[in-house]
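Residue numbers (the working numbering): 6 to 801.
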């Protein structure tokens, strides 16, 4: 069609539009021929877009290309085509944003590429690569910087393929019309094998055309990944395949796919974690980079299992690093039999589940886990170090009682708890998918196929005391391998490594070795028989068998001289009945009436919960007769009387000053047993019992010579000392220590306690007694003030 210039006078086309049209040379008839607009260029499968952005993040120029940009074009250059509205979107759009720092309020653009960075400089006291700040060009005006490269997936076929293959990948949204993934495209790299499998095994609901298009678009995606990061992926995988696997810092993300099981070692506890997400950040110094690995585990909440989010820092390292030396190590790279390690974690997870059912009586031999205190709050104080003894594993009880214990009640702080080494602030909770991934196309959505529950469905709403035991091994792997427990010997709450727990083995023969009058032994055995439990692990709380809220238990008063077996009686009864023993002193309860009421109620409630025997040793201060002029002591006694009135368990009180008892205690005490002073025959039996138990407990490794036995039984020096039961036990322990020292010096594994060792102990004891009788003191001791002199540190 031809148009003359005159014909354009009536046109509504703007002057600018006419001016930019391409026209042919004038024809013979002096008219202009308008060229037809060329057909639009077909949209490529992969479209590359380069965007210049201002300091505020606004796109000020955008260019497109069918091929990757080999270098960064300057602002205003003619490399590539200006972005225009597209009728057909590409399968993939790769958008790279670049910016230039100006040092002012406007952007400056340079025609040349930025100069290369200076070579790396290693700091003397650091093991990572940094750059010399003096030569850094980070703040040079006009320096072009690649801010981000992002893949935008437009293909609905490809998006549905990802929905069908990606089961758990927080921070990636697959529900929109497009999917955006930043370089180096971790989500795609982690699922490239699954996408390849899906390409050949698509749902039966797909039509042949839809399946073909899906396969083609998967090829487009995987080919792009191969061209961009394929070589670095293969090199990293080759590092993983070595006999001693190593990794580079830049590509360690490949081993940390969300859902991957990893190990961290915290205070000798190998704790499995499930990876949630990964991010890279720069430290506050601005030079050192680090990975922030967000993970989660399962632990007991108030009444149900909850996911606890944790975050670990992985500082950068130069070159290659052995994977099992890193703070966060994938389970498949565990250096010594990774399959057996996983089996061990499943076994420990099942033990954790069992211990959550109710309080459990156990023995522990290992390090206490100190850093676990952050779970209880910023003010929680707990013992640390190595511990051997009996414990009550009780996660629910820890949540209820730990912060109300005497050592924590008066030491609460508002300061936040410090994070354990290597940990960052906890990340936000992610979302666990309930169902398996599935294609989101219309054909699959319209099908009547039921959605299948996914791996994490069993993690929801699990109540240990009500729910059935989970069948998923992953559930037990993810369980925390540390459990809160009440430490009976320390009377404190602490955290234990599950690996060091073992069942309680009670000493049923302990009562046999107790040297008492036969009448007392028969009485005690008869009275406590009904309280025995057949299960040595599970505790049996004291029940409500009598009048509600009144004293349903039994209170035993054991009185007599020191060392005649009062405390030992309570210990032997605990062994005989398979019950825990909470042994208290005035130091645990305080002597302030208000504190005594709180502390005594706290320990008696624990005794009720654990079905434990409670022993209050040397209870004289709480049982003494009230006086009109001593209001403080009267309040103390009244508090103690009230607590005994409503106690529902078995309580042992020991004293050697029964004559000073308040009369009101008489009606509260069910059984009062008097322990007579030891005779020489009693001491001989105590020596014999101790020798026998030493031989039994050492499995024959320790031998007591016949001369030592004769010396203990027949020596006049020993008889004159008139040792009580506790002193005889202490003397034998000291002699054993001397014998162990001699055996070590002689290189012998067999330890023999001889009369020489006992004579040395007798000599030391006699010398100390003679010194006390002489009345002589050192100069320093004579200057004790009156208050210290009033204290009877050797109170009988």
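Just so you know, even glycine gets a beta-carbon here, dropped at the ideal spot from N, CA and C.
Asked	Found
Check for me: the alpha helix (DSSP H) holding residue 741 runs from which residue to which?	730–751
Going by DSSP, name the residue or residues bridged to residue 807.	The requested residue 807 does not occur in the structure, where the chain is confined to residues 6 to 801.
Quick one: is residue 231 buried, meaning 16 or more other Cβ sit within 10 Å of its Cβ, or exposed?	exposed
Would you please state the rounded distance, in angstroms, between the beta carbons of residue 496 and residue 589? I believe it to be under 8 Å.	7 Å
Report the residue ranges of all beta strand (DSSP E) runs contained in full by the region 338–401; include only those spanning at least 3 residues, in chain order.	365–372 and 391–398
If you follow the alpha helix (DSSP H) that residue 500 is part of, which residue opens it and which one closes it?	Not the alpha helix (DSSP H): residue 500 falls in the beta strand (DSSP E), residues 497–502.
For residue 727, count the other beta carbons within 10 Å of its own beta carbon; 16 or more makes it buried, fewer makes it exposed. Which is it?	exposed
With DSSP as the reference, label residue 647 as helix, strand or coil.	helix
Residue range of the beta strand (DSSP E) that residue 657 falls in?	655–660
Give the DSSP bridge partners of residue 66, in chain order.	57
Within its chain, find whatever has a CB closer than 6 Å to the CB of residue 610; leave out the 5 residues flanking it on each side and keep chain order.	none
As a quick exercise: from 92, 93, 91 and 66, pick the residue whose alpha carbon is nearest that of residue 101.	66
Taking buried to mean at least 16 other C-beta atoms within 10 Å of its own C-beta, is residue 307 buried or exposed?	exposed
Looking only at its own chain, which residues have a Cβ that is under 7 Å from the Cβ of residue 272, when we skip the five neighbours before and after it?	372, 374, 375 and 376
For residue 303 versus residue 483, is the C-beta distance shorter than 7 Å?	yes
Just to confirm before moving on: does the CB-CB distance between residue 322 and residue 312 stay below 7 Å?	no
When the Cα atoms are used, what is the spatial distance from residue 513 to residue 741?	24 Å
For my contact list, residue 503 and residue 487 are in at a C-beta cut-off of 8 Å; report their separation, rounded to the angstrom.	7 Å
CB-CB under 7 Å to residue 419, same chain, minus the five flanking residues each way: which ones, in chain order?	Here residue 419 scores only 42 on pLDDT, less than 50, and its place in the model should not be relied on; the value that follows carries that caveat. Hits under 7 Å: none found.
Might you give, ordered along the chain, the residues of its own chain that have their beta carbon closer than 6 Å to the beta carbon of residue 699, omitting 5 neighbours on each side?	707
Rank 363, 436, 392 and 369 by C-alpha distance to the C-alpha of residue 403 and give the top, closest one.	363
Using the DSSP secondary-structure output, state which residues sit across from residue 522 in a beta bridge.	Looking at the DSSP assignment, residue 522 forms no beta bridge with any residue, so it has no partner.
Which of the three DSSP states, helix, strand or coil, is assigned to residue 120?	In this prediction, residue 120 scores a pLDDT of 43, lower than 50, which makes its location untrustworthy; the coordinate-derived value is nonetheless stated afterwards. If DSSP states are grouped into helix, strand and coil, residue 120 belongs with coil.
Where does residue 678 fall in DSSP's three states?	strand
Assuming residue 657 and residue 683 are in contact, meaning their beta carbons sit under 8 Å apart, how far apart are those beta carbons, in whole angstroms?	Rounded, the Cβ-Cβ distance is 20 Å, inconsistent with contact.
Using DSSP bridges, identify the partner residues of residue 768.	Beta-bridge pairing links residue 768 to no other residue.
Pull up the CB-CB distance for residue 1 and residue 718, whole angstroms please, since I reckon it's below 8 Å.	The chain is shown from 6 up to 801; residue 1 falls before or after that span and cannot be answered.
For residue 475, collect the residues of the same chain with a Cβ closer than 7 Å to its Cβ; drop the 5 residues on either side in sequence, then sort them by chain order.	463 and 467
For residue 286, name the three-state secondary structure that DSSP assigns.	strand
Evaluate residue 776 with the Cβ neighbour count: other Cβ atoms within 10 Å of its Cβ, from every protein chain shown; 16 or more gives buried, anything less gives exposed.	exposed
For residue 607, which residues in the same chain have their Cβ closer than 8 Å to its Cβ, ignoring the five residues on either side in sequence?	406, 409, 410 and 411
Pick out whichever of 712, 753 and 774 has its Cα sitting closest to the Cα of residue 764.	712
Report buried or exposed for residue 766, applying the criterion of at least 16 other Cβ atoms within 10 angstroms of its Cβ.	buried
For residue 702, count neighbouring C-beta atoms within 10 Å of its own C-beta (all shown protein chains included) and say buried if the count is 16 or more, exposed if not.	exposed
Whole angstroms is fine: what's the gap from residue 677's alpha carbon to residue 660's?	11 Å
Return yes when the Cβ of residue 335 is within less than 7 Å of the Cβ of residue 267, no when it is not.	yes
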